[in-house]
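According to the working numbering, the sequence shown holds residues 89 to 476 in order.
In this text, a Cβ means the ideal position worked out from N, Cα and C, and glycines have one as well.
This report concerns only the one structure given below.
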Amino acid sequence: MFSKRMTRRRSLWLGLGSLATIGISKGLSHKYGSSYMQSLDRKHKDFQVVGTASLRQRAAAKGLIYGSAGNYETLSVDPTLANSFAQECGILVPEGELKWGFVQGIRNRFDFTQGDWLANFTRTHNMLLRGHTLVWHLVLPEWFEKVVNRQNAERIFIEHIATVTKHYAGQMHSWDVVNEAIDLDHGRSDGLRQSPWLKFLGPDYIELAFRVAAEADPKALLVYNETAFEYNSSRDKARRTAILKLLERLKSKGAPIHALGIQSHLRGDGKADFNAKNFRSFLADVASLGLKILITELDVTDDELTADIDIRDRIIADVYEDYLSTVLDEPAVIAVLTWGLSDKVTWISEYAPRSDGKAVRPLPLDDSFQRKLAWNGIARAFDNAPKR
Ligand code: 9MR
């Protein structure tokens with residue numbers, strides 16, 4: 089009994105400690121005051137939401153689109169999950185089914201079976217569809233290394249992009265044309281990743297991908313999607329600078345790029361410093377290039393947080409609400425997608441599992457598809473967002 093109480097007290101302490109850390113390190117002192125007591129008050133934030141309207145409806149009321157990544161494997165066998173998607177989401181992005189290794193796992197044999205199933209799902213439920221992704225250094229098929237060389241790379245690259253984009257032409261709200269092309273550790277002055285495509289085609293492969301996609305599907309919004317630049321570390325700042333330079337280069341060459349996708353895989357542990365003002369000014373810089381912005385893969389890890397579900401959920405919800413309040417202040421932001429809808433289906437369970445073996449809770453719905461505080465945090469950010 090005694091030791092149980094001690095455990096509860098200890099976990100409460102750890103939880104409150106994390107709250108305090110987040111309050112200070114996220115640079116939110118303007119909002120909450122930086123004192124420890126004020127940070128503790130956030131524990132009592134009620135995350136109240138008016139009415140029962142879905143995230144889709146709340147987003148739409150502001151001229152925004154809300155949706156999620158989903159996959160064939162789970163949506164095709166789990167009607168309750170499918171039903172939650174139909175209820176909450178105005179847009180769906182296949183989590184893996186349109187990546188190169190899935191679509192063209194066998195050379196020249198394009199397999200759209202699962203992608204088409206998901207596309208049909210969106211039509212049935214009157215949702216928009218997003219494509220992810222045409223060009224990425226990961227999830228390349230096994231044959232890639234054996235077959236692709238400097239002589240044939242351009243033909244294979246163009247063929248793949250044109251075939252996949254044409255297949256879904258007219259159906260796609262937007263396409264992540266190029267994903268994660270920047271890696272500053274690779275030592276290039278332009279910040280580009282030494283990807284296979286860069287090796288074979290040179291840095292203009294990005295522009296080429298946009299041109300091929302635009303020709304095959306002139307209606308889709310063409311997006312450059314990137315990860316890990318949301319925080320205030322010198323690394324994230326340098327990545328933001330490199331991204332802006334890339335976007336400027338593409339625009340100045342007249343490449344048909346329409347938007348930046350900000351993945352937004354966020355940390356719930358408060359160990360990374362988020363600076364709303366700096367991030368907001370980056371968003372304004374992107375918008376000033378005439379680009380739209382999509383939040384494409386939002387989720388919040390909880391692996392370092394207390395086991396206490398009540399406290400954990402509050403911390404996660406608070407990260408969602410704070411982050412979205414900042415980004416939705418920028419009118420160029422037109423859509424928000426979480427990388428999954430229910431805690432039952434999330435890459436976080438493998439990528440950032442909890443060391444205590446408890447289930448992770450990074451998404452808006454719990455593993456029984458009930459709305460949890462993260463849902464409220466998102467709903468509140470939508471409700472308070474300026475209208476587009
Ligand atoms: O969530 C996706 C996971 O199921 C896949 O195994 C993995 C490789 O295809 O990709 C994950 O999604 C990634 C996305 O495609 C790009 N941004 C990071 C996402 C999480 O890793």
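Integer-rounded CB distance, given that residue j should sit under 8 Å from residue i
i: ALA308; j: TRP263; result: 5 Å
i: ASP305; j: THR253; result: 5 Å
i: ALA469; j: LEU416; result: 6 Å
i: GLY428; j: SER156; result: 6 Å
i: ARG218; j: HIS261; result: 6 Å
i: LEU152; j: ALA347; result: Going by Cβ atoms, the distance from LEU152 to ALA347 rounds to 14 Å, so no, they are not a contact pair.
i: ILE381; j: LEU371; result: 6 Å
i: LEU453; j: THR434; result: The pair is not a contact, with the Cβ atoms about 10 Å apart (cut-off 8 Å).
i: HIS274; j: GLN192; result: Going by Cβ atoms, the distance from HIS274 to GLN192 rounds to 26 Å, so no, they are not a contact pair.
i: SER456; j: VAL448; result: That belief does not hold up - the Cβ atoms of SER456 and VAL448 are roughly 15 Å apart, past 8 Å.
i: LEU222; j: VAL265; result: 5 Å
i: GLU385; j: SER352; result: 6 Å
Counted within 10 angstroms of its Cβ, other Cβ atoms place residue i as buried (16 or more) or exposed
i: LEU280; result: buried
i: ILE270; result: buried
i: ASP398; result: exposed
i: ASP278; result: exposed
i: ARG327; result: buried
i: LYS187; result: buried
i: ARG146; result: buried
i: ALA149; result: exposed
i: GLN282; result: exposed
i: LYS460; result: buried
i: PRO474; result: exposed
i: GLU161; result: exposed
i: GLN458; result: exposed
i: GLN239; result: exposed
i: LYS119; result: Because LYS119 carries a pLDDT of 32, less than 50, the predicted location of this residue cannot be relied on, and the following value inherits that uncertainty. LYS119 is exposed by the Cβ-count criterion.
Reference residue i, options the options, closest by Cα
i: PRO284; options: GLU161, ALA170, VAL235 and LYS460; result: VAL235
i: GLN175; options: ASP166, SER142 and GLU268; result: SER142
i: GLU322; options: TYR312, PHE367, LEU334 and ILE294; result: First, the residue type needs correcting, since residue 322 is Ser and not Glu in the sequence shown. Closest option to SER322, Cα to Cα, is PHE367.
i: PHE135; options: GLN458, SER172, PRO419 and ILE403; result: ILE403
i: ASN267; options: ILE244, TYR160, ALA316 and VAL374; result: ALA316
i: VAL165; options: TYR439, PHE209, LEU216 and ASP373; result: PHE209
i: ASP361; options: TYR411, GLU336, GLY158 and PHE200; result: TYR411
i: ASP396; options: ARG442, GLU418 and LEU425; result: ARG442
i: ARG476; options: ALA420, SER172, LYS432 and LEU461; result: ALA420
i: ASP471; options: SER430, SER413, LYS460 and LYS432; result: SER413
i: ILE244; options: GLU336, ALA170 and PRO229; result: PRO229
i: LEU290; options: LEU335, ASN237 and GLY378; result: It is worth fixing the name first, because residue 290 is Gly in this sequence and not Leu. For GLY290, the nearest C-alpha among the options comes from ASN237.
i: ARG337; options: LEU169, ASP292 and ILE350; result: ASP292
i: LEU377; options: VAL138, LYS339 and GLY349; result: LYS339
Problem - the region 375–393 / the region 356–364 touching (three or more Cβ pairs under 8 Å) - result: yes
Exercise for the section: Kindly confirm or deny that the region 398–413 and the region 455–465 touch, where touching means at least three C-beta pairs closer than 8 Å. Expected result: yes
Problem - At least 3 beta-carbon pairs within less than 8 Å: the region 281–300 vs the region 338–345 - result: Below 8 Å, enough C-beta pairs join the region 281–300 and the region 338–345 to call them touching: three or more.
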